[in-house]
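Asks: Below you'll find the structure I mean.
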Amino acid sequence: MRVIFAGTPEFAATHLLSLINDDAQEVVAVYTQPDRPAGRGKKLTSSPVKLLALQYGIPIYQPSSLNNETALSDLAALKADIMIVVAYGLLLPQSVLSIPCYGCINVHASVLPKWRGAAPIQRAIENGDQASGITVIQMDAGLDTGAMLSVSHCNLDENETSASLHNKLALLGSNSLTSTLKKIQDQTAVGIAQDSDFSSYASKIKKSEALINWSESAYIIERKVRAYNPFPVSFSILDGLRIKIWSATVQDKEGSGESGEIISATARGLEIKCGQYCLLIHELQLPGKARMAVSEVLKSKALLFSRGKIFSG
Numbered sequence: 028m029r030v031i032f033a034g035t036p037e038f039a040a041t042h043l044l045s046l047i048n049d050d051a052q053e054v055v056a057v058y059t060q061p062d063r064p065a066g067r068g069k070k071l072t073s074s075p076v077k078l079l080a081l082q083y084g085i086p087i088y089q090p091s092s093l094n095n096e097t098a099l100s101d102l103a104a105l106k107a108d109i110m111i112v113v114a115y116g117l118l119l120p121q122s123v124l125s126i127p128c129y130g131c132i133n134v135h136a137s138v139l140p141k142w143r144g145a146a147p148i149q150r151a152i153e154n155g156d157q158a159s160g161i162t163v164i165q166m167d168a169g170l171d172t173g174a175m176l177s178v179s180h181c182n183l184d185e186n187e188t189s190a191s192l193h194n195k196l197a198l199l200g201s202n203s204l205t206s207t208l209k210k211i212q213d214q215t216a217v218g219i220a221q222d223s224d225f226s227s228y229a230s231k232i233k234k235s236e237a238l239i240n241w242s243e244s245a246y247i248i249e250r251k252v253r254a255y256n257p258f259p260v261s262f263s264i265l266d267g268l269r270i271k272i273w274s275a276t277v278q279d280k281e282g283s284g285e286s287g288e289i290i291s292a293t294a295r296g297l298e299i300k301c302g303q304y305c306l307l308i309h310e311l312q313l314p315g316k317a318r319m320a321v322s323e324v325l326k327s328k329a330l331l332f333s334r335g336k337i338f339s340g
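The opening residue of the sequence shown carries number 28 in the working numbering; numbering runs sequentially from there.
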């Protein structure tokens, strides 16, 4: 089939590569977000999907909107059989959905209708879900509301981070996409309506959410640490320094002291009093430094993490 692919981040690039390697599909164009400033120097940076398309010589389109005559004309001129959307970042109007012969399908990183929206991977971990998966849907004008063409499941490990779940679902999604396209070509694909009574919304992650609230339970904080790894990374303030927290485990004991107080600082980690129970921090990052094990940080910064000091947030 003649395929238009629309996506932006690394998760989408993994799916695009699976299409490039599928002899049954011809990727005739790639749509991706416009280049954005990134990094400390705010250098204009191309998306992972664009970089992959450049590598394989695939025509690239980067409109800021698809809801205008020029964008619609360009898309229609490609005469695609289907448009595949994976973490594109733009809503597709109905005028776009009806252009390809087989419409537009979306690969979504949750088992719908749970976690519709922008951050299903992070919200699943933050919520303490024990399972996730991939849903391939026939797109409609709603937000992740289309009929389900394929559903695949995976379990979450107790130490699952957004990074590790991202990789699991990128592979699962690529395989699901390939098998779904074959069913569409064979005309055996069947769409199943979602039950919106069981829907939940995965709102976009705000950087401000990563500030740790030590009055919360250690179990809630630990889930957030994993959910915000590798972005935006949980953090707290100590002696005016922004300390990023990369990994931690719950200590199922109450401990004494106030929320955010350092109970102990040893090679095992930093033990912090929370609203309920304690959190043992294993890996952190000081401003301008690389992430390090607490045991290494204490060799030069033991006074900074003295017992009794308070993390704020």
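No residue lacks a Cβ here, since even glycine has one placed at the ideal position from N, Cα and C.
1) Using CA coordinates, which residue listed in L43, Q82, K77, I308 is at the minimum distance from F332?
2) So A168 and A114 are in contact, right, with Cβ under 8 Å, and what is the actual spacing, rounded?
3) Could you check where the beta strand (DSSP E) with Q312 kicks off and where it finishes?
4) Looking at C-alpha atoms only, which residue of S74, E187, I289, N133 is the closest neighbour of G155?
5) Which one of A51, P140, I31, G68 has the shortest CA to CA distance from D224?
6) Does L268 come out as helix, strand or coil in the three-state DSSP assignment?
7) What does K300 pair with, by DSSP beta-bridge criteria?
8) The ligand MG and I211: does the residue's C-beta get closer than 7 Å to at least one heavy atom of that ligand?
9) What is the DSSP secondary structure of A103, reduced to helix, strand or coil?
10) Let me know the secondary structure DSSP gives N186 once reduced to three states.
11) Should A33 go down as buried or exposed, given a rule of 16 or more other Cβ atoms within 10 Å for buried?
12) Tell me whether the beta-carbon of S274 lies closer than 8 Å to the beta-carbon of V260.
13) Closest to A80 by C-alpha separation, out of K106, P90, G116, I31, would be which residue?
14) Counting along the chain, where does the beta strand (DSSP E) carrying T293 start and finish?
15) Compare the Cα-Cα distances from L265 to each of A98, G116, L238, Y246 and report the closest residue.
16) With DSSP run on the structure shown, which of helix, strand or coil describes L198?
17) Three or more beta-carbon pairs under 8 Å between the region 57-64 and the region 72-90, yes or no?
18) Consult DSSP for Q278 and reduce its assignment to one of helix, strand or coil.
19) Using a Cβ-Cβ cutoff of less than 6 Å, which residues in the same chain neighbour L330 once the five nearest sequence positions on both sides are dropped?
20) Give every residue of the same chain whose Cβ lies closer than 8 Å to the Cβ of K326, excluding the five residues on either side of it in the sequence, and list them in chain order.
21) Should R269 be labelled buried (16 or more other beta-carbon atoms within 10 Å of its own) or exposed?
22) What first and last residue would you give for the alpha helix (DSSP H) that runs through A220?
23) Name the two residues that bound the continuous beta strand (DSSP E) containing K141.
24) Does DSSP classify P259 as helix, strand or coil?
25) For L44, which of R29, I247, A317, Y83 has the nearest alpha-carbon?
26) Taking C-alpha atoms, which residue in I148, K271, K336, S339 lies nearest to M319?
Replies: Taking the structure as given:
1) By 1-based counting over the sequence shown, the position of residue 332 is 305. Here the closest residue by C-alpha is I308.
2) Locating residue 168 in the sequence shown gives position 141, where the first residue counts as 1. Locating residue 114 in the sequence shown gives position 87, where the first residue counts as 1. About 19 Å; that fails the 8 Å criterion.
3) The residue given as residue 312 occupies position 285 in the sequence shown. Taken as a continuous stretch (DSSP letters only), the beta strand (DSSP E) holding Q312 covers 305-312.
4) Here the question's residue 155 lines up with position 128 in the sequence shown. The residue with the shortest Cα to Cα distance from G155 is E187.
5) Residue numbering aside, residue 224 sits at position 197 when the sequence shown is read from its first letter. Ranking A51, P140, I31, G68 by Cα distance to D224 puts P140 first.
6) To locate residue 268, count along the sequence shown from 1; it is residue 241. It is a strand residue.
7) Locating residue 300 in the sequence shown gives position 273, where the first residue counts as 1. Beta-bridge pairing links K300 to C305.
8) As far as ligands go, the structure on display features none, and thus does not contain the ligand MG.
9) Locating residue 103 in the sequence shown gives position 76, counting from the first residue. If DSSP states are grouped into helix, strand and coil, A103 belongs with the helices.
10) Within the sequence shown, numbered from 1, the residue matching residue 186 stands at position 159. Correct three-state label for N186: coil.
11) Within the sequence shown, residue 33 is the residue found at index 6, counting from 1. The residue in question, A33, is buried, as its Cβ has 16 or more Cβ neighbours within 10 Å.
12) Walking along the sequence shown from the start, residue 274 turns up at place 247. Walking along the sequence shown from the start, residue 260 turns up at place 233. Contact flag unset, no.
13) Locating residue 80 in the sequence shown gives position 53, counting from the first residue. Nearest option by C-alpha distance: I31.
14) Here the question's residue 293 lines up with position 266 in the sequence shown. Where T293 is concerned, the enclosing beta strand (DSSP E) stretches over 289-293.
15) Mapped onto the sequence shown, residue 265 falls at position 238. Comparing Cα-Cα distances from L265 to each of A98, G116, L238, Y246, the minimum goes to L238.
16) Counting from one through the sequence shown, the residue named residue 198 turns up at place 171. Looking at L198 - three-state DSSP - the assignment turns out to be helix.
17) yes
18) Against the sequence shown, residue 278 aligns to sequence position 251. Here Q278 sits in strand by DSSP.
19) As a working note, residue 330 is residue 303 in the sequence shown. Correct list: empty, nothing qualifies.
20) Stepping through the sequence shown from its first residue, residue 326 is reached at position 299. Around K326: no qualifying Cβ.
21) Here residue 269 refers to the residue found at position 242 when the sequence shown is read from its first residue. R269 is exposed by the Cβ-count criterion.
22) In the sequence shown, the residue the question calls residue 220 occupies position 193. Unbroken run through A220: none, as it is neither H nor E.
23) As a first step, residue 141 is located in the sequence shown; it is residue number 114 there, counting from the start. From DSSP, K141 is part of no beta strand (DSSP E); its letter is neither H nor E.
24) Stepping through the sequence shown from its first residue, residue 259 is reached at position 232. Coil, per DSSP.
25) To locate residue 44, count along the sequence shown from 1; it is residue 17. Taking only the C-alpha atoms, the option nearest L44 is Y83.
26) Taking the sequence shown and counting its residues from 1, one reaches residue 319 at position 292. When each option's Cα is compared against that of M319, the closest is K271.
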